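Numbering follows our numbering, in which position 183 of the sequence shown is assigned residue number 183; successive positions increment by one, without gaps.
All C-beta atoms in this analysis are idealised placements derived from N, C-alpha and C, irrespective of residue type, glycine included.
Only a predicted model underlies this, so the values are computations on that prediction, with no experimental measurement involved.
Below is one structure, written out as structure tokens; the observations come after it.
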Amino acid sequence: MSAWLWRIFLIWYSVGVVLVAFDLVPPALEWANAVFLYLAGLIGAVYLVKRFGMRKGILLSLFIIIWSISVESFGAKTGLIFGEYHYEKDFGVHLLGVPITIGFAWLMVITTGLALISPQSKQKSPGYPLLASLLAVAMDLVIDPVAFHLKQYWIWEEGGLFMEIPTQNFIGWFFTALSIHLVLYPFIGRETNAEPIHEKRAQILYGLMILMFAITSFVGGIGLAAVLSILLAAVTLSGARYV
Numbered sequence: 001m002s003a004w005l006w007r008i009f010l011i012w013y014s015v016g017v018v019l020v021a022f023d024l025v026p027p028a029l030e031w032a033n034a035v036f037l038y039l040a041g042l043i044g045a046v047y048l049v050k051r052f053g054m055r056k057g058i059l060l061s062l063f064i065i066i067w068s069i070s071v072e073s074f075g076a077k078t079g080l081i082f083g084e085y086h087y088e089k090d091f092g093v094h095l096l097g098v099p100i101t102i103g104f105a106w107l108m109v110i111t112t113g114l115a116l117i118s119p120q121s122k123q124k125s126p127g128y129p130l131l132a133s134l135l136a137v138a139m140d141l142v143i144d145p146v147a148f149h150l151k152q153y154w155i156w157e158e159g160g161l162f163m164e165i166p167t168q169n170f171i172g173w174f175f176t177a178l179s180i181h182l183v184l185y186p187f188i189g190r191e192t193n194a195e196p197i198h199e200k201r202a203q204i205l206y207g208l209m210i211l212m213f214a215i216t217s218f219v220g221g222i223g224l225a226a227v228l229s230i231l232l233a234a235v236t237l238s239g240a241r242y243v
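Here it is as structure tokens:
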């Protein structure tokens, strides 16, 4: 079943890269954005289940979804975490005023960071939570400029130093990711013997997401976001080899 999920995602992704990057998504297919995020999140959930076992994997997946939605809800209502913003596009069913798809997006972000910074083949590292959180910020450096400037998925009420996005947003991303990775950290080293393919897919997923938004950013004339995103990801992954 996980193999079929991966194949469906790759097909959805391949079509989506072209439609999103060149702004060819017709209004009738706006719902496809939500499906894309659900698929990406489910791949992350499968990875957790395969790595930590069915019970722990499901509970950790639910925790990531619920916690991230709670943080996003608090942030959207108060402006205290990511700055003052609101959602524009319909991403499907909402929970606490936040599209549930956002929780699945966070599930993807967290699990891909886990797979890259702390794979099963590597000894447990105390630097994992910090480095994995930096990978989350690296991805956000390209996601948010595209979502804000090119797609208007969400809108900030105030600007900032980078791409008119509040600096607070990126700090909020770091600490939101850190809070989740700190919860995952005690489970590392107590895994089942998962097949390497699931970890490899999670690692590839991180690259695919950055690639998609990087292409879109260059097409839309904000390629600097992609350059900085890739640079921070590369530096973080290089540093992970020494901790």
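Cβ pair residue i, residue j closer than 7 Å
i: I69; j: L42; result: no
i: V142; j: F213; result: yes
i: Y85; j: W154; result: yes
i: A115; j: A202; result: yes
i: T192; j: G53; result: yes
i: V243; j: S125; result: yes
i: P129; j: Y185; result: yes
Cβ neighbours of residue i in the same chain (closer than 6 Å, five flanking residues each side left out)
i: K50; result: A194 and H198
i: A40; result: M108
Contacts around residue i, its chain only, beta-carbon distance under 7 Å, and the 5 residues preceding and following it disregarded
i: T216; result: V20, A21, V146 and L150
i: G83; result: W156, E158, P166, Q168 and N169
Cα-Cα separation, residue i to residue j
i: G223; j: D144; result: 13 Å
i: I8; j: G16; result: 12 Å
i: F91; j: I100; result: 8 Å
i: V18; j: L211; result: 12 Å
i: G239; j: W67; result: 28 Å
i: I65; j: T176; result: 12 Å
i: W173; j: H181; result: 12 Å
For residue i, three-class secondary structure by DSSP
i: L228; result: helix
i: L95; result: strand
i: Y153; result: coil
Proximal residues to residue i (C-beta, below 8 Å), its chain only, five neighbours per side dropped
i: L5; result: L39, L42, I43 and V46
Query raised in the report: Touching or not, the stretch 133 to 141 and the stretch 70 to 80, by the rule of three or more beta carbon pairs under 8 Å?
Result: Taking 8 Å as the limit for Cβ pairs, the verdict is that the stretch 70 to 80 does not touch the stretch 133 to 141.
Query raised in the report: Okay, do the stretch 54 to 72 and the stretch 26 to 36 touch, 3+ Cβ pairs below 8 Å being the bar?
Result: In short, these stretches do not touch, since the Cβ pair count stays below three.
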